[in-house]
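Numbering-wise, the working numbering puts 68 at position 31 of the sequence shown, and it's gapless, one number per residue. All residues carry an ideal CB built from backbone N, CA and C; glycine is no exception.
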Amino acid sequence: MLLKIGTTKSHTLIDIKNRGGLIKPSIDVIQICKLTEKTFVSRINQVPKHLGDPINYLIVKTMSNINIKKLFNCLNEHILSQSPINNHVLQIIKKYIVIRLHHHNKELSQPKLRIRSHLTKVILFKHQ
């Protein structure tokens, strides 16, 4: 299942941010996200330059590291009856990579030194 049912592991950030509407992920979803993050960090600088979009490259590298038979044991028959494009695991990986890639690119495009945040009281305006 994609949702947490009856496990006792605490999700402290989710518990802090929850105001009644957040859904806690299952252990399998957390494992997929951790493996995708590990693949992203190790492979983001190794993406071939001739690829315009690194998303598919990262998806393939992540899927090659996942043992699908160990994930979502209750959905084994359901996964086999689905087309590969509509696979839930693939959709989770793709969404995670897209979000992570946006965050990575935003970090790269941010200026390294922010004058206004360091000298707020001293300098009111410096053309910012």
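(message) Can you tell me where the alpha helix (DSSP H) holding N102 begins and where it ends?
(response) Counting from 1 along the sequence shown, the entry for residue 102 is found at position 65. Counting along the chain, the alpha helix (DSSP H) containing N102 begins and ends at I92 to N102.
(message) Check for me: the alpha helix (DSSP H) holding Q68 runs from which residue to which?
(response) Mapped onto the sequence shown, residue 68 falls at position 31. Counting along the chain, the alpha helix (DSSP H) containing Q68 begins and ends at I64 to R80.
(message) When you compare the CB positions of I96 and I51, do they come within less than 8 Å of one another, or not?
(response) By 1-based counting over the sequence shown, the position of residue 96 is 59. By 1-based counting over the sequence shown, the position of residue 51 is 14. Against a cut-off of 8 Å, the Cβ pair of I51 and I96 comes out as no contact.
(request) List the whole-angstrom C-beta distance separating T99 from T76, where the pair is believed to meet the contact cut-off of C-beta under 8 Å. (result) Walking along the sequence shown from the start, residue 99 turns up at place 62. Walking along the sequence shown from the start, residue 76 turns up at place 39. So it is a contact: roughly 4 Å between Cβ atoms.
(request) Starting from K61, trace the alpha helix (DSSP H) both ways and give me its first and last residue. (result) In the sequence shown, counting from the first residue as 1, residue 61 sits at position 24. Where K61 is concerned, there is no enclosing alpha helix (DSSP H), given that its DSSP letter is neither H nor E.
(message) Can you check which of these residues, N93, I130 and G58, is closest to K71 by C-alpha distance?
(response) Counting from 1 along the sequence shown, the entry for residue 71 is found at position 34. Per the Cα distances, I130.
(message) Given this structure, state the Cα-to-Cα distance separating R80 from H139, to the nearest angstrom.
(response) The residue labelled residue 80 in the question sits at position 43 within the sequence shown. The residue labelled residue 139 in the question sits at position 102 within the sequence shown. Distance between the alpha carbons of R80 and H139 is about 16 Å.
(request) Taking all protein chains shown into account, decide if P91 is buried (16 or more other Cβ within 10 angstroms of its Cβ) or exposed. (result) Translated into positions along the sequence shown, residue 91 becomes position 54. That one is buried.
(request) Along the alpha helix (DSSP H) that carries N124, what are the first and last residues, could you check? (result) Position 87 of the sequence shown, counting from 1, holds the residue named residue 124. That residue, N124, is in no alpha helix (DSSP H); it is neither H nor E in DSSP.
(request) Measure the alpha-carbon distance for T44 versus K86 and round it to whole angstroms. (result) In the sequence shown, the residue the question calls residue 44 occupies position 7. In the sequence shown, the residue the question calls residue 86 occupies position 49. Reliability of the predicted coordinates at T44 is poor, the pLDDT of 46 falling under 50, and the value obtained from them is presented with this limitation in mind. Going by the C-alpha atoms only, they are around 43 Å apart.
(message) Using a Cβ-Cβ cutoff of less than 8 Å, which residues in the same chain neighbour I69 once the five nearest sequence positions on both sides are dropped?
(response) Taking the sequence shown and counting its residues from 1, one reaches residue 69 at position 32. Excluding sequence neighbours, I69 sits near I103, L108, V126, I129, I130 and Y133.
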